[in-house]
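What follows is a set of notes on a single structure, which appears directly below.
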Amino acid sequence: MTTAPTHVTPAAPAPATLPAAAPERAASASAADAGRLRSTRLNGRIGAVIEGVRLGGGLDTETVATIRAQLLAHKVVFFREQHHLDEAEHEAFAKLLGTPVAHPTVPSGDGRYSLRIDSDHGGRANQWHTDVTFVPAYPAFSILRAQVLPPYGGNTLWSNTAAAYAELSEPLRTLADSLRALHSNEYDYAAIKPDANDAQLDQYHQVFISTTFTTEHPVVRVHPESGERALLLGNFVQRIRGVSSKDSRLLIELFQHHIERPENTVRWQWQVGDVAIWDNRATQHYGVDDSGDHPRKLRRITVDGDIAVGVDGRPSVLISPADVPEPPYGSPSGASTAATSPSSDRPEATG
Ligand SMILES: [Fe+2]
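Below is the structure:
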C-alpha cells in the first residue's frame, strides 16, 4: 500500500444558492488505499472522472468511502478501463455501496440483479428520467457498465437535479416545495416513441408494464445523505396533483426545463470497459439514440434507496398496486418495502 496522498479534485465551489454539505464532505476525503486515486471534475456542476481504481468487491473501506463522497458531490462519476468486471464482480462492487435490487418488472440478464440495457431489447432510454421513480423507494445508485458500443453516437447525458432546483428563483423554489406528483411506469409509449418497432412495443407491454405501479412523490426531494433539495420529475411523471391537467403540463415543463439546461448536464462518450455510477436521487439521465441499428449493450445494477421525503417531511406513497409482486430475485424492490405503509396514509388516487 502506498502512502502517497490521494489526489481528489475539490468539488465545485458551491454557488450561493447551492447547499454546501455534499461538496464539503467530498473535499474532506483523505488518502484512501490508493494514493493512486485521482478525481477530476468534468465541468462546473456535474460529473467527475476517477482514475487509479480497479472496481470490484475487494476494494478497501476507505477507497469506497472516497468514491461515495465523490459520487455525492459530483452526482455522476466515471471510470475507464474496467474490462475485468463481469456480472459477479459488478454485483460484488455494488454491494459495497448498498443492497442490490432487482427491477420491479423487468427480468435481469443473469437471473440476479444485472439488467440488460440493450439497443435490441427496447433499451433506448432517450427520455430524460430518473431510474424507477414509479416506486417510492427507487434506487439510490445505478452502476452502468459498457460491453458493446456502436461505432458512433450512443452517448449518455446526466443532469444535476439539485443544481436545477438551486438555480430556481425563490418564488419558484417555494412553489416546487409545495407540489406532489404522480409517477407511473404506464405512460403513452407510442406517443413518446412513434417510430418504435414491434420488439420495443412488446418489451413495453409484456414486460415493462406487466405490473402497473403508481407512486406519489414530492416534486422536491430532500436528499437523505447530503440534505440537498433536488427536483424529482422525469418521464415517469404523469401529472402534478391538485391542479388542472393543463397547469400540470406547464408546471412540469417549467421545472423540467431547468433540469435539461446544458449548464446542469454532462455528456459521456462511452468506451468499452467504462463504468458510470450516478446518484439516482439527485440526477436525471438520457441515452442519446443516434446510432442507427448498431448494437449497444450495457449492464446496469441498482442499489436500494430510501422512500423519498419532501421538504415538509411527507414521504412518498405507493398508490397502486394493492398487492405488490415480489421481484424474481433477491431483496424486495422499492415498491414492496413501501407497501407496508398504513393504507390510511395513502391519498386518494384521483384529485
Ligand atoms: Fe435509466
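Numbering (the UniProt record's numbering), first residue to last: 1 to 351. Cβ coordinates follow ideal geometry from the N, Cα and C atoms, glycine included. Note that the coordinates shown come from a computational prediction; the quantities given were computed from them, not determined experimentally.
Chain-order list of residues whose beta-carbon lies under 7 Å from that of residue i (same chain, five-residue window excluded)
{"i": "Ser333", "result": "Val101, Ala102, Pro104, Val135, Pro327"}
{"i": "Glu89", "result": "Gly56, Gly57"}
{"i": "Ser331", "result": "Thr99, Val101, Asp304"}
{"i": "Ser248", "result": "Arg239, Ile240"}
Range of the contiguous beta strand (DSSP E) that encloses residue i
{"i": "Gln238", "result": "237 to 240"}
{"i": "Gln147", "result": "141 to 148"}
Expected contact under 8 Å - CB spacing of residue i and residue j to nearest Å
{"i": "Leu232", "j": "His217", "result": "5 Å"}
{"i": "Val77", "j": "Ile277", "result": "5 Å"}
{"i": "Asp306", "j": "Ala166", "result": "Wrong, their Cβ atoms sit about 21 Å apart, outside the cutoff."}
{"i": "Ala322", "j": "Ser316", "result": "About 17 Å separates the two Cβ atoms, so there is no contact after all."}
{"i": "Ala162", "j": "Val303", "result": "Incorrect: roughly 19 Å between the Cβ atoms, too far for contact."}
{"i": "Gly109", "j": "Val222", "result": "Incorrect: roughly 34 Å between the Cβ atoms, too far for contact."}
{"i": "Gly292", "j": "Asn126", "result": "Contact flag wrong, Cβ pair sits at about 13 Å."}
{"i": "Glu225", "j": "Leu72", "result": "6 Å"}
{"i": "Asn155", "j": "Gln269", "result": "5 Å"}
{"i": "His258", "j": "Thr215", "result": "Not really, about 22 Å apart at Cβ, beyond 8 Å."}
{"i": "Asp177", "j": "Val220", "result": "5 Å"}
Cut-off 6 Å between Cβ atoms - residues of its own chain near residue i, not counting five sequence neighbours on either side
{"i": "Val64", "result": "Leu96"}
{"i": "Leu251", "result": "Ile240"}
{"i": "Pro144", "result": "Here residue 144 is Leu; the residue named in the question, Pro, does not match the sequence. Hits under 6 Å: Ala276, Leu298, Arg300."}
{"i": "Glu51", "result": "Arg38"}
{"i": "Thr265", "result": "Leu157, Ser159"}
{"i": "Gln82", "result": "Leu55, Gly273, Val275"}
{"i": "Asp312", "result": "none"}
8 Å Cβ shell around residue i - same chain, five flanking residues per side excluded
{"i": "Pro295", "result": "Asp118, Ser119, Asp120, Val148, Pro150"}
{"i": "Val53", "result": "Ala34, Arg36, Leu37, Leu59, Thr63, Ile67, Phe79"}
{"i": "Asn235", "result": "Gln127, Trp128, His129, Tyr187, Ile192"}
{"i": "Val93", "result": "Before going further, note that residue 93 is Phe rather than Val in the sequence given. Around Phe93: Leu55, Gly56, Gly57, Leu59, Leu85, Ile143."}
First and last residue of the uninterrupted alpha helix (DSSP H) at residue i
{"i": "His74", "result": "61 to 74"}
{"i": "Thr174", "result": "170 to 178"}
{"i": "Thr161", "result": "161 to 166"}
{"i": "Arg249", "result": "245 to 260"}
{"i": "Gln200", "result": "198 to 202"}
Residues that DSSP places opposite residue i in a beta bridge
{"i": "Arg229", "result": "Val222"}
For ligand 1, residues whose Cβ lies under 6 Å from any non-hydrogen atom:
Ala125, His129, Asp131, His285
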